[in-house]
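Following: one structure in structure tokens, then a few remarks.
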Amino acid sequence: MKFIKAIVFIVMIFYLLYACVIHEPTDLPDDLRIRYIAIMYKYGPFLETQRIEALMEQDTYDDDVLAYYRYFKGLIELSDVKIVERAEIYDPRIKDYIKQHLPSNHSDDILFLDNFDESLPVTIKTQDSEKNEELARRIYDLLMRDWQKKGLFRVWYEEFYPDQLSEGQMRRYAELLAQVSCSYSSTIVERVHATSSNFYRSSVDLSKIPPELLLAIAYKESRLFPASFRAEISQDKIQAISWGLCHILIDADTLDLTYEDIGNQKIDMRTFELINFYYFNNGLSEIDLIQLKGNLLVSLIQLALIYEILE
35 MKFIKAIVFI VMIFYLLYAC VIHEPTDLPD DLRIRYIAIM YKYGPFLETQ
85 RIEALMEQDT YDDDVLAYYR YFKGLIELSD VKIVERAEIY DPRIKDYIKQ
135 HLPSNHSDDI LFLDNFDESL PVTIKTQDSE KNEELARRIY DLLMRDWQKK
185 GLFRVWYEEF YPDQLSEGQM RRYAELLAQV SCSYSSTIVE RVHATSSNFY
235 RSSVDLSKIP PELLLAIAYK ESRLFPASFR AEISQDKIQA ISWGLCHILI
285 DADTLDLTYE DIGNQKIDMR TFELINFYYF NNGLSEIDLI QLKGNLLVSL
335 IQLALIYEIL E
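For the sequence shown, this note's numbering gives the first residue as 35, with consecutive numbering after it.
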């Protein structure tokens, strides 16, 4: 009898885990699929369809991501993309922490690029994609408009650097962004730890996510400034931080900061900690997530896992 009860219990657990993931609809039009992915990226992947659609009505996040995606695809013009001209820079202690930990190995003569072009400490298959000049041009035009109008990219940049970016330097950054965002288009990431969760699949095909969608998420979250962040406050404490190009969520206790209002003295498994454990055996650090290659890779994995739910 105890054996039967144990089997029933196990079956119930697997059913609950399975039920946490939505499995329909499977025939979404492309634009609606992007909206779904955007909402699930922001609010979490385990939402019921009804809740996703309610959030789509309440929030403009999915509208913005879709518009940016269409811009990067060349379907709309720059004049159709709205600009955010002012923003609050959250908590100078976190900003200073990032500045103190930015690597500089003189890989580039532009300090801004040198700080964010580091290779990853984990082995991952990438490809040398053909130079995507059109995508680089669109990134450049968007960044230059934000710079000239003192948009959020410039607001963030001036918090970190005393000098100004020239048009040539901005063009090089746009080319680097285009190159890195396309470099994982044939990458398959294998899970290295077992789990009963249906979400963290044993194999993740990153080719499912077009670079234009990745960049749309990045532009919505950070306006393409790599060290952008947002403090997530709960119970009067910074419990987590979203940071990097795509604002990947990390636990505040991951950072070596000793303030009573930052963290709760234990590391909770946020988006970064979960992906880092299941797919990289904790081989990445929080500073790797500030790097272009690190943040875009982790973001792609999360987006591809969400995509699989909607298949």
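Idealized CB from N, CA, C, for every residue including glycine. In this text, all values refer to a predicted model and were calculated from it rather than measured experimentally.
Through-space distance from residue j to residue i, alpha-carbon basis
i: Ala101; j: Ile110; result: 8 Å
i: Val226; j: Tyr313; result: 5 Å
i: Phe187; j: Ile335; result: 25 Å
i: Tyr293; j: Ile128; result: 11 Å
i: Ser217; j: Gln161; result: 5 Å
i: Lys159; j: Ile222; result: 8 Å
i: Asp302; j: Tyr234; result: 17 Å
i: His57; j: Asn232; result: Note that His57 scores a pLDDT of 42, beneath 50, so its modelled location is shaky and nothing firm can be said.
i: Asp203; j: Tyr103; result: Here residue 203 is Gln; the residue named in the question, Asp, does not match the sequence. Approximately 24 Å between the Cα atoms of the pair.
i: Ser333; j: Asp180; result: 23 Å
i: Ile296; j: Asp270; result: 9 Å
i: Arg171; j: Leu177; result: 10 Å
i: Asp142; j: Asp197; result: 16 Å
i: Tyr195; j: Leu145; result: 9 Å
i: Lys183; j: Leu258; result: 15 Å
i: Leu240; j: Ser220; result: 7 Å
i: Ile275; j: Ser200; result: 31 Å
i: Lys133; j: Leu308; result: 25 Å
i: Lys116; j: Glu246; result: 17 Å
i: Glu209; j: Pro79; result: 31 Å
i: Asp114; j: Asp96; result: 16 Å
i: Leu112; j: Ala228; result: 45 Å
i: Glu82; j: Glu224; result: 27 Å
Sheet register partners of residue i (DSSP bridge)
i: Glu224; result: Ser237
i: Ser231; result: DSSP output for Ser231 lists no bridge partner at all.
i: Ser215; result: Ser215 pairs with nothing; no bridge assigned.
i: Ser268; result: Lys271
i: Phe146; result: Its beta-bridge partners do not exist; DSSP assigns none.
i: Phe263; result: Trp277
Contact check, residue i vs residue j, beta carbons under 8 Å
i: Ile86; j: Ile68; result: no
i: Val118; j: Ala250; result: no
i: Ala212; j: Ile173; result: yes
i: Asp125; j: Ala338; result: no
i: Phe106; j: Leu147; result: no
i: Tyr70; j: Leu344; result: yes
i: Arg304; j: Asp290; result: no
i: Tyr75; j: Ile324; result: no
Among the options, the one whose alpha carbon lies nearest that of residue i
i: Gln273; options: His281, Ile132, Gln299 and Lys254; result: Gln299
i: Ile267; options: Asn316, Leu283, Gln182 and Leu258; result: Leu283
i: Leu279; options: Val156, Asp239, Ile296 and Ile321; result: Ile321
i: Thr288; options: Asn316, Val238 and Ile340; result: Asn316
i: Leu136; options: Ser319, Ala228 and Ile343; result: Ser319
i: Ser256; options: Glu209, Asp97 and Asn329; result: Asn329
i: Asp151; options: Leu326, Ile340 and Ile343; result: Leu326
i: Ser153; options: Glu201, Val214 and Pro63; result: Val214
i: Thr157; options: Arg206, Ile340, Asn310 and Tyr341; result: Asn310
i: Leu331; options: Leu145, Glu342 and Phe306; result: Phe306
i: Phe263; options: Asp130, Thr94, Asp96 and Asn139; result: Asp130
i: Asp93; options: Ser236, Tyr77 and Leu81; result: Tyr77
Test: residue i CB closer than 8 Å to a CB of chain B
i: Ile243; result: Protein chains in the displayed structure number just one, and chain B is not present.
So within the stretch 272-314, which uninterrupted alpha helix (DSSP H) runs reach at least 4 residues, ignoring any that extend past its ends?
Complete alpha helix (DSSP H) runs here, min 4: 305-314.
Extract the residue ranges of the alpha helix (DSSP H) inside the stretch 75-99, only unbroken runs of 4 or more that lie entirely within it.
Those alpha helix (DSSP H) runs which fall completely within the stretch 75-99 and span 4+ residues are 83-92.
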